[in-house]
Amino acid sequence: MKLSREFYLQSALTAAVELLGTYLVRNISGHSVISKIVETEAYCGPGDKACHACNNRRTKRTETMFMEGGHAYVYLIYGLNHCLNIVTERKDIPHAVLIRAVEPVQGIDIIKNNRQLIKSVHDLTNGPGKLTKALGIDMDLNGYDMVEGSELFIEKGLPLKRSAIVKTARVNIDYAGEYRDRPWRFYIKDNPFVSRK
DNA sequence: TCTACGATTTACT
DNA sequence: GTAAATCGTAGAA
Numbered sequence: 147m148k149l150s151r152e153f154y155l156q157s158a159l160t161a162a163v164e165l166l167g168t169y170l171v172r173n174i175s176g177h178s179v180i181s182k183i184v185e186t187e188a189y190c191g192p193g194d195k196a197c198h199a200c201n202n203r204r205t206k207r208t209e210t211m212f213m214e215g216g217h218a219y220v221y222l223i224y225g226l227n228h229c230l231n232i233v234t235e236r237k238d239i240p241h242a243v244l245i246r247a248v249e250p251v252q253g254i255d256i257i258k259n260n261r262q263l264i265k266s267v268h269d270l271t272n273g274p275g276k277l278t279k280a281l282g283i284d285m286d287l288n289g290y291d292m293v294e295g296s297e298l299f300i301e302k303g304l305p306l307k308r309s310a311i312v313k314t315a316r317v318n319i320d321y322a323g324e325y326r327d328r329p330w331r332f333y334i335k336d337n338p339f340v341s342r343k
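Be aware that the first sequence starts at 147, since it is given in this note's numbering, and climbs by one per residue.
Take a look at the structure:
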């Protein structure tokens, strides 16, 4: 079952945990690619120094984060990788959940086709920039409505045990001062597709 | 306009 | 382990 608008109208912090184990569906040119979300990070609005929309910074790029929950926030990092985020909370409250890693479930041949020179299957989607390339996600999907649309959306998964979820500090945000060590990164314990231990 | 740099990946030594 | 790739965005000038 597709996640409803109501699901997305919550804090990125709780949504990040609940998104673990759900299924990301990508329909592209008649093909369906399905993957399970195994690693997320929460970026929580104006007060979070690691968040692009920190201090309500409203620019061309961050404008997407101010949209109503359920939209996709895609941006280019280091000039060569895209990152996929799920916008949460009500309109004008800039929360988002970064999808850091997924596990291929269906359409793995298409994923392999989108990525070349891969050593093992585990390297296909175990990083934010890797999975966007694997799923054919780019700036065209920035601001995409995942509740109304059918090219990209999320399906409900089986509930996870609390003990199967690992909570740690987020990655590569040394610039975020006291927010650097907030345990706002979550992943499924012992899953081989997470980006790093 | 101009400059610095990043929610990273990859290929090196 | 280290460094190169590569460019839009943000903030300063």
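Quick reminder that beta carbons are idealized off the backbone N, C-alpha and C, glycines included.
Nearest residue (CA-CA) to residue i, options the options
i    : options                : result
I183 : E324, E301, D320       : E301
G323 : L170, R172, L149, C200 : C200
P240 : N272, T205, N318       : T205
G319 : D238, A196, I254, T168 : Looking at the sequence provided, one finds Ile at residue 319 rather than Gly. Comparing Cα positions, the closest option is A196.
I256 : S157, L226, N173, E164 : N173
M147 : F299, K313, D336       : F299
Cβ shell of residue i (< 7 Å), same chain only, five flanking positions each side left out
i    : result
L159 : A188, C190, W330
Q252 : S178, V179, I180
Between the CA atoms of residue j and residue i - distance to the nearest angstrom
i    : j    : result
I283 : K307 : 30 Å
F134 : H217 : Residue 134 is absent from the structure shown; the chain starts at 147 and stops at 343.
L149 : Y321 : 33 Å
L166 : D194 : 22 Å
G303 : R261 : 26 Å
Y221 : I311 : 27 Å
M345 : L277 : Nothing can be reported for residue 345, as the shown portion of the chain is limited to 147 through 343.
V171 : N202 : 31 Å
S175 : M211 : 27 Å
G295 : I232 : 14 Å
V163 : E249 : 16 Å
T168 : G273 : 17 Å
Own chain residues within Cβ distance below 6 Å of residue i, not counting five before or after
i    : result
Y154 : G215, G216, T234
H198 : T208
Residue i burial status per 10 Å Cβ neighbour count (16 or more: buried)
i    : result
T186 : buried
E152 : exposed
R246 : buried
Cut-off 8 Å between Cβ atoms - residues of its own chain near residue i, not counting five sequence neighbours on either side
i    : result
A315 : R326, D327, R328, P329, W330, R331
For residue i: DSSP bridge partner residues
i    : result
R331 : E187, T314
P250 : S181
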